[in-house]
Every structure is written in structure tokens, then in C-alpha cells.
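Here the sequence shown is numbered in numbering that gives the first Met the number 0, starting from 0 and rising by one per residue. Virtual Cβ for every residue (Gly too), placed ideally from N, Cα, C. Scroll down for the structure; my scribbles are underneath it.
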Amino acid sequence: MQNRVDYDDQGNLEGVVTNGGMHLERMDDNGWFLSCLREDGSELCIHFKGEIESTEERPAQQSI
């Protein structure tokens with residue numbers, strides 16, 4: 000999968016995919032789906048209801 004963050008026309012978070020193995024998707028107004036890929040190829044999937052209060056992107060940490 001390719002890294003992406005998607006927003007709707009009002010600026011609300013719609014979905015997130017990371018090539019590290021995480022996929023978050025808005026399913027309806029208050030419903031979300033989160034898939035976490037494990038190293039062995041299995042997944043943990045979570046369906047939940049709620050609101051995203053904020054988003055923040057952080058750069059990779061530099062090794063010392």
C-alpha cells in the first residue's frame with residue numbers, strides 16, 4: 000500500500016494508509032475501521048465509533 004491521508008470537502012479526516020501496515024477508514028458519519036498488519040501477515044481489525052478530534056503529522060526521528 001502507498002502512504003496517504005484523505006480528507007473530505009469540509010476538511011474532515013476520511014482515511015489513512017501507511018506502508019508500515021496501518022489502514023484507518025471512515026465507514027459512515029461516526030463509524031471507523033482500523034486494520035493493523037502484523038509482520039507474519041495476520042491482521043488485527045477494529046471497528047469503532049467516535050470522532051477524530053485532531054490529526055498531527057510528525058517527521059521520522061533522527062538516529063544519534
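Quick check on residue i: does DSSP put it in helix, strand or coil?
{"i": "D5", "result": "strand"}
{"i": "E38", "result": "coil"}
Roughly how many angstroms separate the alpha carbons of residue i and residue j, rounded to a whole number?
{"i": "V16", "j": "F47", "result": "17 Å"}
{"i": "D5", "j": "I63", "result": "33 Å"}
{"i": "E38", "j": "N18", "result": "12 Å"}
{"i": "P58", "j": "R3", "result": "15 Å"}
{"i": "G20", "j": "Q9", "result": "27 Å"}
{"i": "S53", "j": "Q61", "result": "25 Å"}
{"i": "M26", "j": "L36", "result": "19 Å"}
{"i": "E56", "j": "C44", "result": "23 Å"}
Hey, residue i and residue j are a contact pair by Cβ (cut 8 Å); roughly how many whole angstroms apart?
{"i": "E24", "j": "W31", "result": "7 Å"}
Going by C-alpha distance, which of the options is nearest residue i?
{"i": "N29", "options": "I45, G10, I51 and L36", "result": "I51"}
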